[in-house]
Amino acid sequence: MTQLLRIDASARTSRSLTRSLADKFTDNWMSRRPHAGIVQRDVGRNPPPIISEDWIAAAFAKTRSTEQERLLALSDKLIAEVNEAQLIVLAAPMYNYGMPAALKAWFDQVVRIDKTFTFDLARGDTPLKPVFSGKILVLLTSWGEFGFGPGEHNEGRDNLTPHVRTASQYLGVEEFHHIGIEYQEFGDGRFEASRKRASAAVELLVERLIGKDEEDAEKSKAAA
Ligand SMILES: Cc1cc2nc3c(=O)[nH]c(=O)nc-3n(C[C@H](O)[C@H](O)[C@H](O)COP(=O)(O)O)c2cc1C
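For the sequence shown, this note's numbering assigns the number 14 to the initial residue and increments by one for each residue that follows.
Following this line, the structure appears as structure tokens:
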């Protein structure tokens, strides 16, 4: 059965729009899959430490001292959470046109050489290869402005979704979904409409993913 990892990155613990979308997703998922496993990692509330020179040395070391093992202990735990999940639900606001620093700190802790990707120059110009595969990532966003799409006035300024999409490939993500709320800073009818659209899209996506989960279960039964 699909194991879900939920990550919240908003610094706001009340009135957070991304947290409310993630609540909607997990509530709907759990109502359809009451026995499914779910792990919650709240990096907005408890940001992982920023990596240091010593951390990098430990990550690249072939043999490690006890101190280096200790430095990587949180990274090991966070990577284990990713490894065990088939579905990752990532709730992330846009801060300064990109991801919150706490979420970047999480990515820096989990995208790790020989744990989540390997590096081999024998592969030519594409030496990096993910270790994990077949994961689905659902990115739930909110931003204050709007018009980040092609031809719109903020085109090219959304550094949140492309960054998450690219980095998550090195966590074994092969299927990516994005649902977002816009216009938060305007607080007008467009914001309310965007919020409703996002909420309805979350419901639909849960149904689609549940359907896919059922198909996969049937296929594995037939193959057994
Ligand atoms: C520190 C900070 C930086 C922000 N930067 C941007 C931004 O660059 N572009 C934007 O459209 N909205 C920006 N916003 C607005 C947030 O993306 C918006 O309030 C969103 O709803 C926050 O997510 P949350 O409701 O889950 O906390 C910023 C908000 C904060 C607090």
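Think of the CB as a built atom: it goes at the ideal place given N, C-alpha and C, for glycine as much as any other residue. Because the structure is a prediction, the values reported are computed rather than measured.
Close-in-space but distant-in-sequence residues of the same chain around residue i (CB under 8 Å, 5 per side omitted)
i, result
"H166", "G160"
"S146", "G185, E187"
"T26", "R32, G57, R58"
"D133", "P140, K142"
"A22", "T31, V56, G57, L103, A104, A105, P106, M112, P113, A115, L116, W119"
Proximity below 9 Å, CB of residue i to CB of residue j
i, j, result
"F73", "V215", "no"
"Q99", "Q16", "yes"
"H190", "L218", "yes"
Per DSSP, the bridge partner or partners of residue i
i, result
"F132", "L141"
"G193", "T154"
"G169", "The partner list for G169 (beta bridge, DSSP) is empty, contrary to what the question assumes."
"G111", "Y108"
"L103", "I20, L152"
Any chain C beta carbon closer than 9 Å to residue i
i, result
"T79", "Among the chains of the structure shown, chain C does not appear; only one protein chain is present."
Closest by C-alpha distance to residue i, when choosing among the options
i, options, result
"M112", "T31, S27, A206", "T31"
"P61", "P163, Q99, V123", "V123"
"E97", "R46, G164, R19, Y108", "R19"
"T174", "A237, R208, Y196, L116", "L116"
"F204", "R210, Y196, A211", "Y196"
"E66", "L85, S207, T76, A49", "L85"
"N109", "L87, S88, S155, K90", "S155"
Any non-hydrogen atom of ligand 2 within 8 Å of residue i CB
i, result
"E158", "The ligand content of the structure shown is limited to ligand 1, which means ligand 2 is not among them."
Cut-off 7 Å between Cβ atoms - residues of its own chain near residue i, not counting five sequence neighbours on either side
i, result
"Q182", "P143"
"R125", "A72, S88, I92"
"G157", "Q197, E198"
"R136", "K142"
Same chain, Cβ closer than 6 Å to residue i, five either side skipped, listed in chain order
i, result
"G193", "T154"
"A24", "G57"
Inside the region 63-101 only - alpha helix (DSSP H) runs reaching at least 4 residues: 66-73, 79-84, 86-97
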